[in-house]
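Notes follow once the structure below has been shown.
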């Protein structure tokens with residue numbers, strides 16, 4: 404018989420996480436996963452699909468999780484700060500920030516466009 408401590412089925416319970424770029428794709432999958440693992444989640448996207456964040460928040464809630472959505476580009480320092488503030492206001496803490504936000508259409512077309520030496 405092993406004396407190993409069992410792995411919790413909800414290892415992020417009681418934690419609060421901000422996931423940028425979570426209105427679609429990989430960011431959406433990350434937000435769903437951290438919520439499934441028990442975390443409270445602030446989801447974020449640029450707002451190009453106005454209903455995407457609401458749909459994600461509702462999906463997390465239907466699964467028994469807690470989430471709040473905030474639209475805006477994290478290129479704007481004020482938006483980034485507001486995400487942190489929202490997490491603290493809504494959940495009382497911030498344990499992790501997962502930055503999945505990427506280059507959007509109409510912004511840069513190459514990573515070199517946003518790199519300091521590019």
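In our numbering, the protein residues as written are 404 to 521.
Ideal Cβ positions, reconstructed from N, Cα and C, are used throughout, including at glycine.
Item, Value
"Cβ-based burial, residue 447 [other Cβ within 10 Å; buried from 16]", "buried"
"Identity of the residues DSSP links to residue 500 by a beta bridge", "421"
"Backbone CA spacing between residue 443 and residue 480 [nearest angstrom]", "23 Å"
"Inter-residue spacing [alpha-carbon to alpha-carbon] between residue 433 and residue 499", "12 Å"
"Cutoff 8 Å; reference residue 459; Cβ partners in own chain excluding five residues on either side", "425, 426, 431, 434, 435, 446, 470, 472"
"Cut-off 6 Å between Cβ atoms - residues of its own chain near residue 441, not counting five sequence neighbours on either side", "413, 415, 416"
"Burial state of residue 456, where buried means 16 or more other Cβ atoms lie within 10 Å", "buried"
"Counted within 10 angstroms of its Cβ, other Cβ atoms place residue 487 as buried (16 or more) or exposed", "exposed"
"Of the listed residues 467, 465, 475, nearest to residue 451 (C-alpha basis)", "475"
"Bridge partner(s) assigned by DSSP for residue 473", "447"
"Proximity of residue 439 and residue 466 at Cβ, strictly below 8 Å", "yes"
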